[in-house]
Each structure stands twice: as C-alpha cells, then as structure tokens.
Amino acid sequence: MDTQVEKAFPAERTCNYQGSFACLQCKQPCCDELFDASPYVERMIAGMERFEVRSEDVPRCPHCGWQLVPWVRDDTFLQGAAWRESIERYERFVRERSDCRVLLLELGVGEMTPGIITLPFWSMTAKLPDAHLLSVNISGDSAPLQLGSKAEAIQADLRTLLSVARVGDE
Ligand SMILES: [Zn+2]
Numbered sequence: 001m002d003t004q005v006e007k008a009f010p011a012e013r014t015c016n017y018q019g020s021f022a023c024l025q026c027k028q029p030c031c032d033e034l035f036d037a038s039p040y041v042e043r044m045i046a047g048m049e050r051f052e053v054r055s056e057d058v059p060r061c062p063h064c065g066w067q068l069v070p071w072v073r074d075d076t077f078l079q080g081a082a083w084r085e086s087i088e089r090y091e092r093f094v095r096e097r098s099d100c101r102v103l104l105l106e107l108g109v110g111e112m113t114p115g116i117i118t119l120p121f122w123s124m125t126a127k128l129p130d131a132h133l134l135s136v137n138i139s140g141d142s143a144p145l146q147l148g149s150k151a152e153a154i155q156a157d158l159r160t161l162l163s164v165a166r167v168g169d170e
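Here the sequence shown is numbered in our numbering, starting from 1 and rising by one per residue.
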C-alpha cells in the first residue's frame, strides 16, 4: 500500500489487497480505471503556494470530472479488474503451495483490520499441513496459542531486524 513492496518485487508478483498510494481512482468510482499518481502529485507539488494545492491542480477523473483519490481502502475503494486479478494471483499462489512447506511472514501488520492479513494467515497456518507463521511487530510478540508450535512471534523493530538480516546475506 505504501509502494515499498514494488521496489523489491515485480508488480506481477505482488497483491495490493488494500490498494496503493501509487495509483488514483475516481472517487465515485465511475470507471474501472487506475491512474498513475506520480504526474498528478508532481503537478500539485509544483503548483503549491504556502502548503495549499491550487484547485485547478486537484486531480479530476477524465470520464466524469469528480476528484481522483488515492486507491486505498475506504468505502469507495475500487475493487476492479486489476484488484481482482491480483487477488486471484495470490490465491492461486497459495493454492499451488498448499501441500508444500510454507512460511507465512507477517511483518509489521497492524491491528486495525485483522480480517485482511492476520486472521487469514492464522486460518492458513491451521489448515495447511506444513505451514508455519512468523509475525514480527514492534508493538507485541504474542502468537496465537491455538496454533501451538506452528506460530512464533517476535517483538522487534523491522528496520533493525531487516538490516541485520541484510548484513547476514553478504
Ligand atoms: Zn469518474
């Protein structure tokens, strides 16, 4: 959602379940279209006067004229063709590996919408015969007890943890 995953993985291997700030959508939405946010953001920044965006620089839908808004989950979130395709790709990836040894990494996941990542990961860990869950979070380190030895939790700052892991790779 914060466009960091795309820096490490090709788009066809990611799933933006909650959308991405890299894209805009029509606020209605009137169409199943995502717009690259970069040129709109650059124009808004270039035209800013004392931290205010000029009204003529507010992104507008080319089809209906309503505002374009960040493509991130809210009550008008566009779950269109691109979103459905990425969900299908993710579900196929998981399905094809259901009999394999699977490690589910839950890195820095918040508690606001547990139905998106946390609960499905718990469910997959419980159902898949050789799946394990490792969650890393700065705010807590409790693994769900019902998963027993299939789940582990680490309380850590991801920046520190990942920089140590990177040094270990070299
Ligand atoms: Zn529109």
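Glycine included, C-beta positions come from ideal geometry on N, C-alpha and C.
Would you say residue 135 and residue 153 are within 8 Å of each other, going by their C-beta atoms?
Closer than 8 Å, so yes.
Where does residue 144 fall in DSSP's three states?
Reduced to three states, the DSSP call for residue 144 is coil.
Tell me whether residue 30, by its Cβ, gets closer than 7 Å to a heavy atom of ligand 1.
Answer for residue 30: yes, Cβ within range of ligand 1.
Name, in chain order, the residues that DSSP records as bridge partners for residue 20.
In the DSSP output, where bridge partners are listed per residue, residue 20 has 71.
Use the C-beta contact count for residue 121: other C-beta atoms within 10 angstroms, 16 or more gives buried, fewer gives exposed.
It is buried - the Cβ of residue 121 has at least 16 other Cβ atoms within 10 Å.
Tell me the start and end of each unbroken beta strand (DSSP E) in the region 37 to 83 that is at least 3 residues and wholly inside, in chain order.
Taking only runs of at least 3 residues, the beta strand (DSSP E) segments lying wholly in the region 37 to 83 are 68 to 72.
Within the continuous beta strand (DSSP E) that includes residue 109, where are the two ends?
Premise fails: residue 109 is in no beta strand (DSSP E) and is neither H nor E.
Look up residue 26 in the DSSP assignment and give the residues it is bridged to.
Residue 26 is bridged to 68.
Under a Cβ-count criterion, where at least 16 other Cβ atoms within 10 Å of its own Cβ denotes burial, should residue 30 be classed as buried or exposed?
So residue 30 counts as exposed.
Starting from residue 184, follow the alpha helix (DSSP H) in both directions and report where the run begins and ends.
Because the chain spans 1 through 170 in this model, residue 184 falls outside it and cannot be assessed.
How would you call residue 149, buried or exposed, if buried means at least 16 neighbouring beta carbons within 10 angstroms?
Exposed.
Is the distance from the Cβ of residue 2 to the Cβ of residue 21 below 8 Å?
The answer is yes: Cβ separation under 8 Å.
Quick one: what's got a C-beta closer than 7 Å to residue 116's C-beta in the same chain, skipping five residues either side?
Taken in chain order, the residues that qualify are 17, 18.
Just tell me which of 141, 24, 103, 137 has its CA closest to the CA of residue 125.
Of 141, 24, 103, 137, the residue nearest in Cα terms is 103.
Taking only three categories from DSSP, how would you classify residue 87?
Helix.
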